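Notes follow the structure.
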Amino acid sequence: MAKYLVIVESPAKVKTIKKFLGSNYEVLASNGHVRDLPKSRMGIDIEHDFEPKYITIRGKGDILAKLRKEAKKADKIFLATDPDREGEAISWHLANILKLEDKDIHRISFNEITKNAVKASIKTPRAIDQNLVDAQQARRVLDRMVGYRISPLLWEKVKRGLSAGRVQSVALRMICDREAEINAFIPEEYWSLDAVLRVPGEKKAVTAKYYGEGDQKIQVRSKEQADSILKELEQETFRVAELKRGERVRKAPLPFTTSTLQQEASKVLNFSTQKTMRLAQQLYEGIDIKGNGTVGVITYLRTDSTRISEEADAAARAFIKDTYGEQYVTDLHSAASGKNKIQDAHEAIRPTDIKLTPTVLKESLSRDQFRLYQLIWKRFTASRMENARYETQQAKIDAGIHRFTAAASKLMFDGFLSVYQEEDTPQDNQQAVRGLEKGAVLERESFDPEQHFTQPPAHYTEASLVKALEEQGIGRPSTYAPTITTILARRYVTKENKNLYVTELGEVVNGMMQKAFPTIVDVTFTANLESLLDKVEEGKIDWKTIVSNFYPDLDEAVIQAEKDLEHVQIADEVTDEICELCGRNMVIKYGPHGKFLACPGFPECKNTKPYLERTGITCPKCGKEVVVRKTKKGRKYYGCEAAPDCDFMSWQKPSNIKCEVCGKYMLEKGNQLVCSDENCGHRQNIPKN
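Below is the structure:
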């Protein structure tokens, strides 16, 4: 009997696939990559057409020996690594390192680990796609060049083991830019004027919002303006000038891509991107289901596509018809993703079998696996369902020259909402009121004027950063989670209550990168590079052309930076702080958490202290000096040097100048000073001296 060898990436898949294929198939795992560039050097031959110098990864000897032994016995070898360009590259490396040139080798890929999918892939093998391999080689070589040329420079200049990366440096810059926007943001005052009105004889009131004068919209900017409008309204009659009734739909969502799954899991389940991908990998590789054995319950988790196979679409529609009723099945096919990216060849992330409902699988899944699977199942099911439909009512209500508007809606048909609601779905407006007709005179019950202030842009969360990276065309599904994990692990960024904040260390690294390597941290340049990598995959560009065009500019920038950055804090800065152990003046050093004070007598004297950067600003509470401090996670803030006896703290830099209106301390925001009391809101320019 013929002997076949199937090589997969993960040991978790071995048992599942072996069960599907039978006794004449041997299934072994490579445990991920088997070859890579060396860690001790760049590993790219610059002089000889940028040829990568791959070496066997340490610790893979036993695995490779076993694979070679089984390969010799096999009549046919199937390389079944993951269905993306990294998986393609692993298959290529395996073919090379196992010397399978003379063997009958076949590349197979499947989007889900189910019996039908695996058996179908065995029947339709193909050759290794060299374009996919070259796209992955180009990405790996470009990342290696950036990391191995720039990181040592940062190490030298900042004196600690920092790192730079092609995508991570751009992500860090985006977070720093957002932080700068927030710090420079000056709130603007505005007022909302709501009128609570009642149709005579009806119990239910209508809340109408102030619009302006006739068709001219007016923004109420102050209490004086609000009071003036309210005074004018005191004697006016409220009459319905226009009433429109209609219908609106809320569209069913598209099934998940990698990016949208990470975003929704972060918002709904509070999962980090890393945790979402780890759990999704487990669901993809296989879950032990009672009575069915180990089965992959979702499709491949790295995808840019919202496309669904005809079989899965038909199965979903049949399930919805039987479970919810024919009226819930959509007539439309959900539009496939218009993005022309690598993983669009895949399907969206969906359950491998819609009949495996979350309830059916609950006993077989851990709590977190269940929560993620439920999210994926509900989203996919909803994507094949009808839109939700609402009856709407919009009224324009005039009072003299002033106009108010009121909107109401009523759910007529819940459609997909019977299964799934997105976390950030806007809430419905107030319910329609009976008796509201054009020309009707309404009784004024009360006014509700309220002061508001415009809000700064929100801090990035993991979810919103993934969304921004995707929108800017930076990175790909497989890179979002590792990028965020890296900048958190390097302590360039810290996470508090979902929000991402840049640390002092992150500011230093970003400042250096922007000064010395503006192209590397340029969003547009990085996005263009991603599109070039896609063209390599399509066979339109040779991968070494991209690398050979990229490297000379990088090399020149590094050489120039070595000169330009030589005056950046290289020598230790001596302070007036005296070491109480040996009497020397202590110096400022950088550590993993930022600056600290150390005795220059190291190693004889190992004394260290926290570094408190002085501001020359008087504490508004106790009169001592305000210093720059850091939270445990490395986020910078301003606090009193007398802490913990004095509890003053501010995220914004305070000023010694007092507010001219209320006398409270002011905060620096951009080139202005803003009163620390939001209710005051006074602001003025920072004096030039």
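One rule links them: number in my numbering = place in the sequence shown (from 1) + 25. Using N, Cα and C, we set each Cβ at its ideal position, and we do this for glycine too. None of the values given here were measured: they were computed from a predicted structure.
- Only residues of its own chain outside the window of five on either side were considered, and among them Ile374 have a CB closer than 6 Å to the CB of leucine 286, listed in chain order.
- Selection Arg660, Phe478, Glu113 evaluated against cysteine 201 yields Arg660 as nearest (Cα-Cα).
- Around tyrosine 173, the same chain offers Met67 as residues with beta carbons nearer than 6 Å, after the five sequence neighbours per side are excluded.
- Per the coordinates, the alpha-carbon of asparagine 141 lies some 16 Å from the alpha-carbon of proline 108.
- The C-alpha of phenylalanine 429 is placed about 19 Å away from the C-alpha of histidine 477.
- Considered as a whole, the stretch 280–349 harbours 312–314, 318–320 as its complete beta strand (DSSP E) runs of no fewer than 3 residues, in chain order.
- A distance below 7 Å between beta-carbons, with the five flanking residues on each side excluded, links lysine 421 to the following residues of its chain, in chain order: Ala266, Glu267, Arg428, Thr430.
- For aspartate 473, there is no enclosing alpha helix (DSSP H); the residue is part of the beta strand (DSSP E) that begins and ends at 466–478.
- CA-to-CA, the gap between lysine 403 and valine 444 works out to about 6 Å.
- Taking a C-beta distance under 7 Å as the contact criterion, phenylalanine 621 and cysteine 644 do not qualify as a contact pair.
- DSSP places arginine 264 inside the beta strand (DSSP E), whose first and last residues are 263–275.
- Spatial neighbours of tyrosine 353 in its own chain (CB-CB distance under 6 Å, excluding positions within 5 residues in sequence) are listed in chain order as Ile345, Met410, Glu411.
- The criterion of a C-beta distance shorter than 7 Å is satisfied by arginine 132 and arginine 151.
- Contact between valine 653 and isoleucine 642 is absent: CB atoms are separated by about 10 Å, not below the 8 Å threshold.
- Annotation: asparagine 121 to alanine 54 spans about 16 Å, alpha carbon to alpha carbon.
- At a Cβ-Cβ threshold of 7 Å, isoleucine 571 and alanine 163 count as neighbours.
- With a 10 Å radius around the Cβ and a threshold of 16 neighbouring Cβ atoms, tryptophan 117 comes out buried.
- Under the DSSP definition of a beta bridge, asparagine 524 partners with Thr486, Glu521.
- In this structure, the alpha-carbon of glycine 664 lies about 37 Å from that of isoleucine 499.
- Inter-residue distance for asparagine 553 and isoleucine 211 is about 34 Å (C-alpha atoms, whole angstroms).
- Here the alpha carbons of leucine 258 and arginine 303 stand approximately 60 Å from one another.
- Under the criterion of beta carbons closer than 8 Å, valine 31 and tyrosine 50 qualify as touching, at roughly 6 Å.
- When the beta-carbon positions are compared, glutamate 372 and arginine 332 come within less than 7 Å of each other.
- An exposed status is given to aspartate 356, since fewer than 16 other beta-carbon atoms sit within 10 Å of its beta-carbon.
- Counting of Cβ neighbours within 10 angstroms places glycine 84 among the exposed residues, the total staying below 16.
- Counted as a single uninterrupted DSSP element, the beta strand (DSSP E) harbouring glycine 641 occupies residues 638–643.
- Per DSSP, asparagine 141 lies in no beta strand (DSSP E) segment; the continuous alpha helix (DSSP H) that holds it begins and ends at 140–148.
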